[in-house]
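Data block below; observations after.
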Amino acid sequence: MPELDRLKEQVAYLKLWQGIMVVTDISVVGWLASATDGTRPVLVALAVTTVALVTTGIVIVHRYIERRIDQIGKL
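Convert by adding 904 to the 1-based position in the sequence shown; the result is the number in this note's numbering.
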């Protein structure tokens with residue numbers, strides 16, 4: 905039972921961070937959509953890089969969550 909509780913807490917914690925990353929990703933994409941006209945190219949490049957990195961992080965965290973859910977299913 906302690907293992908099940910630990911895995912559930914890990915899933916909850918990972919979901920929290922995944923949600924934070926999704927909100928960050930949406931915010932930066934929204935900023936890119938609205939502010940690219942008068943913005944310096946360096947800032948646009950940094951924002952695009954940030955979107956790529958955060959999106960990659962979301963996918964990685966999602967895979968961790970899937971693994972934890974599979975572990976819960978095996979208990």
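Glycine included, every Cβ here is placed at the ideal spot set by N, Cα and C.
Of the residues the options, the one placed nearest residue i, counting alpha carbons only
i: Gly923; options: Val963, Arg910 and Asp941; result: Val963
i: Gly934; options: Thr954, Leu918 and Val946; result: Thr954
i: Asp974; options: Leu947, Trp921 and Val915; result: Val915
i: Ala956; options: Leu908, Leu936 and Arg967; result: Leu936
For residue i, the three-state DSSP class (helix, strand or coil)
i: Leu911; result: helix
i: Arg998; result: Past the boundaries of the shown model lies residue 998; the chain is included only from 905 to 979, so the question cannot be answered.
i: Met905; result: coil
Close Cβ partners of residue i (< 8 Å) along its chain, the five nearest in sequence each way excluded
i: Val958; result: Met925, Thr928, Asp929 and Val932
is_contact[residue i, chain D] using C-beta, thresh 8 Å
i: Gln922; result: Among the protein chains of the structure shown there is no chain D, as only one such chain exists.
Contacts around residue i, its chain only, beta-carbon distance under 7 Å, and the 5 residues preceding and following it disregarded
i: Tyr968; result: Leu918
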